[in-house]
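Read left to right, the sequence shown gives residues 1 to 102 (full-length UniProt numbering). Heads up, the beta-carbon is just placed ideally off N, CA and C, and yes, glycines get one too. Here's the structure, in structure tokens; my notes come after.
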Amino acid sequence: MKKIVKYLPALTAATVASSALAQEAAAGAATGDANAAGLRAIGAGLALGLGAVGTGLAQGPIGAAAAGVVAERPEKFGQMAIWFFIPETLVIFGFVGFFLLR
Numbered sequence: 001m002k003k004i005v006k007y008l009p010a011l012t013a014a015t016v017a018s019s020a021l022a023q024e025a026a027a028g029a030a031t032g033d034a035n036a037a038g039l040r041a042i043g044a045g046l047a048l049g050l051g052a053v054g055t056g057l058a059q060g061p062i063g064a065a066a067a068g069v070v071a072e073r074p075e076k077f078g079q080m081a082i083w084f085f086i087p088e089t090l091v092i093f094g095f096v097g098f099f100l101l102r
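So, in structure tokens, the structure goes:
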């Protein structure tokens, strides 16, 4: 609980700052600002790239644990496959963000 309270102001500031920057970029895009197109491209790349990195970081330990479980209990393969594929939703959300910002 103390960690959450410790980092809550930083998370709040980051959330407020990101929404303010998004509003500036949207206002610039409406006026045809060339800088806004670059910011949209950076945002699209970050959405896709960070989603893929997050998926890779999540699937490593999950895959190792799933392989151990399936080696001991082959009947658990279906459950372990579901847990292995859940992080893939990060990449799907990254693709959606990529195409929305493109």
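Taking the Cβ atom as the reference point for each residue, do residue i and residue j lie within a distance shorter than 8 Å?
i	j	result
V69	M80	yes
F93	A44	no
F84	G63	yes
L101	A66	no
Which residue marks the beginning of the alpha helix (DSSP H) containing residue i, and which one marks its end?
i	result
P61	34 to 72
I88	Going by the sequence as given, residue 88 is Glu instead of Ile. Per DSSP, E88 belongs to the alpha helix (DSSP H) from 88 to 101.
Taking only the alpha-carbon atoms, compute the straight-line gap between residue i and residue j and give it to the nearest angstrom.
i	j	result
P61	A34	42 Å
G49	L57	12 Å
A10	R73	44 Å
A41	K6	33 Å
F95	T12	26 Å
Ignore the nearest five residues each way along the sequence and tell me which others in residue i's own chain have a CB closer than 7 Å to its CB.
i	result
E88	T55
K76	V69, V70
Q59	F84, P87
Using a Cβ-Cβ cut-off of 6 Å (strictly less than) and excluding sequence neighbours within five positions of residue i, which residues of its own chain qualify?
i	result
residue 139	This structure gives no information on residue 139, because the portion of the chain shown stretches from 1 to 102.
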